[in-house]
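Chemist:
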Amino acid sequence: MKMWLLALGLCGIASVASAGPTMDKTKSAGTLRCGVSTGLAGFGAPDGKGGWKGLDVDVCRAVAAGVLGDATKVTFVPLTSSQRFPAIQSGEVDLLSRNSTHTLSRDTDLGLNFGPATFYDGQGFMVKSSLGVTSAKGLDGASVCVEPGSTAELNIQDYARKVGITLKPIVIDSQANIEQAFFTGRCDAYSTDKSSLAASRASKASDPGEYVILPETISKEPLSPAVRHGDDEWLDIVNWTVWLLFSAEEKGITSQNVDEMLKSTDPEIQRMLGVVPGMGKALHLDDKWGYNVIKQVGNYGEIFNRNVGPDTPLKLERGLNKLWSDGGLMYSPPFI
């Protein structure tokens, strides 16, 4: 009897617990400060009118829609590779959604918590077609442009030792400077995540057809949003927002049919969209948070297709980023 009363008391405490300092700060400011790339087509880049577009950008908007009820209430903070982790550590931004790989050292040494992967990628090499190289193994002695503070520099050295070749890294800060160096011939090759290579080729090469991305994938790069250690409530919100994007696609809920889906008799859809209350309260959000996210931003498939999919300049296939039910890795815990 005493244990039952204790459990009941703990449940009561949890139900009135603070939403956490980051949530309180975001609500007080009326905007989500989100760290994004300085300009990576398909993932995070300003358009001609100064508006931000991209898969990472839409993750920011999804969190803002859930927390603030408005996907437009985001202050985008462009960050270089070396700036991104100090920015989230210091509180300059409260969410980092900037093609960042979840690794053990970043998870521990940097004091970060990573959310679910929003894009499964792998590092590769891009070269000019006229170089005549068809495999990364043929790059012996080549100079390779890489960013500092990224996993790319270590990965190319590991790969070179593994296959018995020599690669000469040229470390250049900022995506823009690397692209300029590579496309003007300062480096023989450019190595980073394959999605980034495709983005650079599509948006920065004078003739994309003159460049080829070599077939080798030399690393695993689960690109994930990150928050600071010490605010579990905020991590919960980011986690479940991303999982909502996956679950909505799996359930067939889109930005176009979400109003009709409010009539669904599927119990999980009812909980996700707030028809049956409870999921919002558990996250210290309005019960319509899930509806707001999907109505304003869309499900994961919509986000992928409009930013990086086959009908975009990047022309990326879903691959590992398919839902688990289609043979991919995108998988959500149940909304119960």
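Per mature numbering (1 follows the signal peptide of the UniProt record, and there is no 0), the sequence shown runs over residues -19 to -1, 1 to 317. Where is the CB? At the ideal position from N, CA and C, for every residue including glycine. Here the structure is a predicted model, which is why all the values come from computation and not from measurement.
1. Figure out for me which residue from A45, D39, L254, G92 has the closest Cα to the Cα of N80.
2. For G20, does the three-state DSSP call read helix, strand or coil?
3. Alpha carbon to alpha carbon, how far is Q138 from L148?
4. Could you give the first and the last residue of the continuous alpha helix (DSSP H) run that contains F227?
5. Taking just the CA atoms, how far does G309 sit from G300?
6. I need the boundaries of the beta strand (DSSP E) containing residue 318, first residue and last residue.
7. Note down, in chain order, each residue of its chain lying with its Cβ closer than 6 Å to the Cβ of M(-17), except the 5 sequence neighbours on either side.
8. Can you name the residues that DSSP bridges to C126?
9. Does the contact criterion of 3 or more C-beta pairs under 8 Å hold for the segment 2 to 19 versus the segment 50 to 61?
10. Quick check on the burial criterion: 16 or more other C-beta atoms within 10 angstroms. Buried or exposed for Y272?
11. Beta carbon of I218, beta carbon of L264: below 8 Å?
12. Out of A141, D75, E214, K303, point me to the one whose CA is closest to A10's CA.
13. Is T173 near Q104, with beta carbons less than 8 Å apart?
14. Is the CB-CB distance between I69 and L49 below 8 Å?
15. For T12 and K185, I'd like the C-alpha separation in whole angstroms.
16. Taking only the alpha-carbon atoms, compute the straight-line gap between Q64 and A46 and give it to the nearest angstrom.
17. Should Y312 be labelled buried (16 or more other beta-carbon atoms within 10 Å of its own) or exposed?
18. Just to confirm before moving on: does the CB-CB distance between R180 and A52 stay below 8 Å?
19. Measuring CA to CA, which of I194, A229, S205, C126 is closest to T165?
20. Strictly by DSSP, which residues pair up with F106?
21. Taking one C-beta from the segment 106 to 121 and one from the segment 228 to 243 each time, how about it: are there three or more such pairs within less than 8 Å?
22. What whole-angstrom Cβ distance do S78 and D37 have, given they're in contact under 8 Å?
23. Could you pull out every residue in the same chain whose Cβ sits closer than 7 Å to the Cβ of G290, ignoring the five residues on either side in sequence?
24. Our contact map puts K232 next to I250 with C-beta atoms below 8 Å; I'd like the distance itself, whole angstroms only.
25. Return the CA-CA distance between G119 and S200, expressed in angstroms with no decimal places.
Modeler: Let me lay it out:
1. D39
2. coil
3. 7 Å
4. 213 to 232
5. 7 Å
6. No statement about residue 318 is possible, as the shown extent of the chain runs from -19 to 317 and does not include it.
7. Note that M(-17) scores a pLDDT of 39, beneath 50, so its modelled location is shaky; the value from the coordinates is reported in the next line. Excluding sequence neighbours, M(-17) sits near nothing in its chain.
8. I151, Y171
9. yes
10. buried
11. yes
12. D75
13. yes
14. no
15. 32 Å
16. 26 Å
17. exposed
18. For clarity, residue 180 is Ala in the given sequence; the question names Arg instead. Result no, Cβ atoms of A180 and A52 do not sit closer than 8 Å.
19. C126
20. S172
21. no
22. 4 Å
23. L297
24. 6 Å
25. 18 Å
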